[in-house]
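A.B. asks: Here's a structure for you.
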Amino acid sequence: MSIGRRTRLALGIVTVAILVFIYLPIGLIVVYSFNSGTTPAWPPVGFTLDWWALAVRNSGLQQAFLTSIVAALCATAIALVLGTLASIAVARHRFFGRESISFVVVLPIALPGIVTGMALSTTFAQVGFPLGFFAIVVGHATFCIVIVYNNAIARLRRVSGSFEEAAADLGADQWLTFRTITLPALRSAIVAGALLAFALSFDEVIVTIFTAGGVKTLPIWIFQSFRLANQLPLVNVAGVVAILLSVVPVYLATRLSSSVVGART
Amino acid sequence: MRRLAAWLHRRPRTRLGLLLAGPIAWLVVIYLGSLAILFLNAFLSRDAFSGATVYQPTLDNFARLLEDPYPGITIRTLGMAAVVTLTCAVLALPIAFFMARVASPRLRNTMVVAVIVPLWASYLIKVYSWRLILAEEGILNEVLGAVGLRGPGFGDVAVWLVFTYLWLPYMILPVYAGLDRIPDSLLEASADLGGRSWMTFRRVVLPLVLPAVVAGSIFTFSLTLGDYIAPAQVSTTIFIGNAIYAQFGAGNLPLAAALSLVPLGIVVLYLLVARRLGAFEAL
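For the record, the sequence lines run as chains A and B. Taking this note's numbering, the leading residue of the first sequence gets 1, the next gets one more, and so forth. Taking this note's numbering, the leading residue of the second sequence gets 1001, the next gets one more, and so forth.
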């Protein structure tokens, strides 16, 4: 379609406006984290590094940050193993109920977080599994599986299974085939999946609220600080950190894999 | 290891079993099991005096769904989800069109990353940022005040803005992919037959990209239905999510469980309609 110059210009202007709309609120948090004022009043009163210095020394914030990192690493590790196993089973085997596997994998992220959260917390209470760190990890791992699975299966579908068959014909056993053929083909896809799973877990708040008990992750700390007026300047700092820790892994993942786009639902 | 591998090679069923045991145990036993327990609770009731759960099957909770205030809350939530979805579609079309049809390949790739990355940035902080923007003395009133206008403040309009902001990238990405798939030859054919830009857009591009818009709407629609944090931060309006959370917080798990079947049922219905419109191929 030949697009006229005026149409191009108009489209360009709208596009820039939408990108500004997307980035402005994020940029604003960065600005406020250096604002010496303590209210949302615009324009900022002055520049200060005090909030950053305070945030670094705030033990509650430190603890929450650390908890989030460790929980995200644990959830990612579980999701990495289970997601990869499931993707190999679905992509390389035929069996009864194969379609339902893909469905069950997506379900935890397709259903509203509040449903997943209530279901897990009710069940944990019923079976006597204590809420807290491990409950958070179980919840996060559940909805992170799909992220690894989606990335891995997209790759497996592109890489023909005949390489694996050829390796087997040449005398390689299952383990050797997996190590030298399947794993190298999958590596960048599952690394991308793991980065995304980490970002998703690090950022998750709804399921976490239901499973945390008294434990605070960074999003829980931020959420609870919304109600504490004197804590709000620190929320801006925590926000910048939270944004960086989800955005950087995602950016790296986009460099590694092309199937990042629809991974988060 | 060798011998184990050889043994496994002769037993594909065992191999499959080992691959699937972990994922199935986790997802079916822990996850589906939890969901089943939650939904069984919807058929129980709570003793009005002691607050204890009464283990006697009943449909009372479902009857409550039809009593005030729940039908109103459901309709309000559906309306919000529809308006948010429509707004996202209207905003996504021009930017996605620019990405797919105007931008150079390099700019296009940069823009895809530029749209994906903020989608993953801290959800809570994005909501919080709108509280700063919409505050009485915040940036929006300050900027609009210069031309004698005022921002919407906190309330339903704020909820609409925040939801649109949060879910817009989910709409842009599938619509971009959909526009990118339309072959140039179709657009050239339309131009050859005398179709002007607008005519080609309306008669050729729009029908072809519709499944992608529906695919995007699955996200915008269902994410709006289930959210309870964003509305509570910028308004006092009760949506389904807030109602569920309130009942759960009040200890009435049976009613909360029954209520959570409302967004669930709507999402399932929506998915069925979306599949008929070809949205799943466009995902």
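From the three backbone atoms N, C-alpha and C, an ideal C-beta is built for every residue, glycine too. All values reported here derive from a predicted model rather than from experimental measurement.
Note down, one range per segment and in chain order, each alpha helix (DSSP H) of at least 4 residues found wholly within the region 1004 to 1087 of chain B.
C.D. replies: Counting only runs that start and end inside the region 1004 to 1087 of chain B, the alpha helix (DSSP H) elements of at least 4 residues fall at 1012 to 1024, 1033 to 1041, 1060 to 1064.
A.B. asks: So if DSSP puts phenylalanine 163/A in a beta bridge, which residue, or which two residues, is it bridged to?
C.D. replies: Beta-bridge pairing links phenylalanine 163/A to no other residue.
A.B. asks: So, helix, strand or coil for asparagine 58/A, using DSSP?
C.D. replies: coil
A.B. asks: Within a Cβ cutoff of 7 Å, which residues of the same chain sit near threonine 1077/B, ignoring the five residues on either side of it in sequence?
C.D. replies: Leu1225, Phe1239, Ile1240, listed in sequence order.
A.B. asks: With a threshold of 7 Å between beta carbons, is tryptophan 1160/B in contact with chain A?
C.D. replies: no
A.B. asks: Per DSSP, tyrosine 47/A is paired with what?
C.D. replies: Going by the sequence as given, residue 47/A is phenylalanine instead of tyrosine. Paired residues: Asn35/A.
A.B. asks: For arginine 1013/B, which residues of its own chain have a beta-carbon under 6 Å away from its beta-carbon, when the five flanking residues on both sides are left out?
C.D. replies: none
A.B. asks: Run the CB neighbour count on methionine 1199/B, radius 10 Å, all protein chains shown included, and call it buried at 16 or more, exposed below.
C.D. replies: exposed
A.B. asks: Closest to isoleucine 88/A by C-alpha separation, out of Val138/A, Thr177/A, Phe223/A, would be which residue?
C.D. replies: Thr177/A
A.B. asks: Using Cβ-Cβ distances below 8 Å, what residues of the region 1086 to 1106 of chain B are close to chain A?
C.D. replies: Leu1091, Pro1094, Ile1095, Phe1097, Phe1098, Met1099, Arg1101, Val1102
A.B. asks: Less than 8 Å between C-beta atoms, sequence neighbours within five positions excluded: which residues of the same chain meet that for tyrosine 1055/B?
C.D. replies: In chain order, Leu1044 place their CB closer than 8 Å to the CB of tyrosine 1055/B, counting only its own chain and leaving out the 5 sequence neighbours on each side.
A.B. asks: Taking 7 Å as the CB-CB cut-off, is glutamate 1281/B touching chain A?
C.D. replies: At a cut-off of 7 Å, the C-beta of glutamate 1281/B has no neighbouring C-beta in chain A.
A.B. asks: Report the residues of the region 1230 to 1263 of chain B with a CB closer than 8 Å to any CB of chain A, ordered along the chain.
C.D. replies: Gln1233, Gly1241, Ile1244, Tyr1245, Phe1248, Leu1253, Ala1256, Ala1257, Ser1260, Pro1263
A.B. asks: Could you compute how far the alpha carbon of valine 14/A sits from the alpha carbon of alanine 1082/B?
C.D. replies: 23 Å
A.B. asks: Just to make sure I have the definition right: I need the residues of chain B whose C-beta is within less than 9 Å of the C-beta of histidine 93/A. Which are they?
C.D. replies: Pro1012, Arg1015, Leu1016, Leu1019, Leu1020
A.B. asks: Does DSSP put arginine 264/A in a helix, in a strand, or in coil?
C.D. replies: With a pLDDT of 42 at arginine 264/A, under the threshold of 50, the modelled position of this residue cannot be trusted; read the value that follows with caution. Correct three-state label for arginine 264/A: coil.
A.B. asks: Okay, do the region 1152 to 1163 of chain B and the region 1023 to 1038 of chain B touch, 3+ Cβ pairs below 8 Å being the bar?
C.D. replies: no
A.B. asks: Taking 7 Å as the cut-off, decide whether the C-beta atoms of valine 237/A and alanine 55/A are in contact.
C.D. replies: yes
A.B. asks: Would you check if the distance between the CB atom of phenylalanine 95/A and the CB atom of leucine 1016/B is smaller than 7 Å?
C.D. replies: yes
A.B. asks: With a cut-off of 7 Å, does the C-beta of glycine 1034/B fall near any C-beta of chain A?
C.D. replies: Per the sequence shown, the amino acid found at residue 1034/B is serine instead of glycine. Taking Cβ atoms only, chain A reaches closer than 7 Å to serine 1034/B, which makes this a yes.
A.B. asks: Would DSSP call phenylalanine 1248/B helix, strand or coil?
C.D. replies: helix
A.B. asks: The alpha helix (DSSP H) that contains tyrosine 1165/B, what's its start and end?
C.D. replies: The continuous alpha helix (DSSP H) containing tyrosine 1165/B extends over residues 1156 to 1181.
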